[in-house]
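In this note's numbering, the protein residues as written are 1 to 256.
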Amino acid sequence: MASFPKPSLPAGLTSAPLKLLMPLAALIGVVLIAKESVFYAEPGYVYHVRTVTGQEHAVSDVGYQFFLWGRWNAWKRALTVQAVSGASEDLAYAEIESAETSASMPPLNIMYLDQVDADAEATVRFSIPTDNDGFLRLAHEYRTPANLLRTALIPAFKETLQATASLMSAEEYYSGARTEFNSEFENQMNNGIYLVRREETYANSPRKVKGSANATLGNEQEEFGNESKVVYVVRKVVDESGNPQRKAQKFTTFGI
């Protein structure tokens, strides 16, 4: 029976060094895999993770996470939209301070019911869903936090602030209705914008104007010129049950 020679190691290489190199090679392989497949999830963020096999899921737990040579992007759990003094006025859109944090814009010019305008400041924080199904639905629709801010949250913020100003006159606001304004703004951000009808009416003023003194009339001088002024009234559209009808905020359908 024919015999074959046993394979021999290259000159100068013994089995002992080879055994030492194998664990080193394994360690390098583990490091490379970890570098391309593991990330650390920070607190306060939700992560959209996509693996190389086509699977995707939401990660909201803090710690190291495995994503198998895939991709991931971070969404902050609370997104802020604000109109404040000092923000840039040169941008066509609100300034995105970070891809996953907030948007800042200059004070918004609003018009009250009596056609008086003013620059308003406001801040709203939006909480995004953290459950797997709800978050994936949101991520599929908007893809990135910046898209969510620009196409949904910022427009809703502007529209709601103006809609709230349209519910009252500037005189009412500066006469003590600031708390009511803030309450209505928060209410409409959460539950939808009221559908309203704006009506123009005339109200008589109780003030009378006396004519020039007439000596023949003594103390019973004639009064004339009843004054009237235009009054704007906003009436909320109600349904058959008497409940105010609203325009729903689109972002609430995604659990925000």
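By construction, the Cβ of each residue, glycine as well, lies at the ideal position given by its N, Cα and C atoms.
Round the Cβ separation of A152 and Y142 to the nearest angstrom and send it over; I've been treating them as touching at under 8 Å. The Cβ separation is near 7 Å, so the contact holds.
If contact is defined by three or more beta carbon pairs under 8 Å, each pair taking one atom from either stretch, is the segment 190 to 197 in contact with the segment 126 to 146? No contact exists between the segment 126 to 146 and the segment 190 to 197.
Assuming F126 contacts T160 under a Cβ cut-off of 8 Å, what Cβ separation, rounded to an integer in Å, is found between them? By a beta-carbon distance limit of 8 Å, F126 does not contact T160. Their separation comes to about 12 Å.
Residue from V46, D114, A170 whose Cα sits closest to the Cα of I128: Taking only the C-alpha atoms, the option nearest I128 is V46.
Spatial neighbours of D114 within its chain, please: C-beta separation below 7 Å, excluding the five flanking residues on both sides. Hits under 7 Å: S169, A170, E171, Y232.
Would you kindly report the start and end of the unbroken beta strand (DSSP E) that includes N109? In the DSSP assignment, N109 falls within the beta strand (DSSP E) that extends over 108 to 111.
Quick one: using the 10 Å Cβ neighbour count with 16 as the cut-off for buried, is K247 buried or exposed? Residue burial annotation: K247 is exposed, with fewer than 16 other C-beta atoms found within 10 angstroms of its C-beta.
Does the separation of the CB atoms of V84 and W69 fall below 7 Å? In this structure, W69 does not lie closer than 7 Å to V84 by Cβ.
Compare the beta carbon distance of A58 and F135 with 7 Å and say whether it is the shorter of the two. Taking 7 Å as the Cβ cut-off, A58 and F135 qualify as a contacting pair.
Does the beta-carbon distance from Q188 to I110 come in below 7 Å? Not in contact: Q188 and I110 (Cβ atoms no closer than 7 Å).
Measure the Cβ-Cβ separation of Q55 and F39 and say whether it is below 7 Å. No, these two residues do not count as a Cβ contact at 7 Å.
Which value, in whole angstroms, describes the spacing of the CA atoms of K76 and D133? Rounded to whole angstroms, the separation of the alpha carbons of D133 and K76 is 17 Å.
Use the C-beta contact count for T164: other C-beta atoms within 10 angstroms, 16 or more gives buried, fewer gives exposed. The residue is buried, with at least 16 neighbouring Cβ atoms inside 10 Å.
What's the call for Q245, buried or exposed, on a 16-neighbour Cβ count within 10 Å? Residue environment analysis places Q245 among the exposed positions, since fewer than 16 neighbouring C-beta atoms fall within 10 angstroms of its C-beta.
Complete alpha helix (DSSP H) runs within the segment 125 to 188 (minimum length 4 residues, chain order): Complete alpha helix (DSSP H) runs here, min 4: 132 to 142, 145 to 148, 154 to 165, 170 to 174.
By the three-class DSSP mapping on this structure, what secondary structure does F251 have? For F251, the three-state secondary structure derived from DSSP is helix.
On the DSSP bridge list, what partners appear for E200? As computed with DSSP, E200 is found in a beta bridge with Y232.
Reduced DSSP secondary structure (H/G/I, E/B, other) of N191: In the structure shown, the three-state DSSP call for N191 is helix.
Please work out which residues of its chain come closer than 8 Å, Cβ to Cβ, to E199, disregarding the five sequence neighbours upstream and downstream, and give them in chain order. Within the same chain, Y232, V233, V234, R235 come within 8 Å of E199 by CB-CB distance, once the 5 residues on both sides are set aside.
Beta-carbon proximity of V62 to A78, cut-off 7 Å: Against a cut-off of 7 Å, the Cβ pair of A78 and V62 comes out as no contact.
Just how far apart, CA to CA, sit D119 and W72? Across the structure, D119 and W72 are spaced so that their CA atoms are roughly 40 Å apart.
Answer yes or no: do A103 and L149 have a C-beta to C-beta separation smaller than 7 Å? Closer than 7 Å, so yes.
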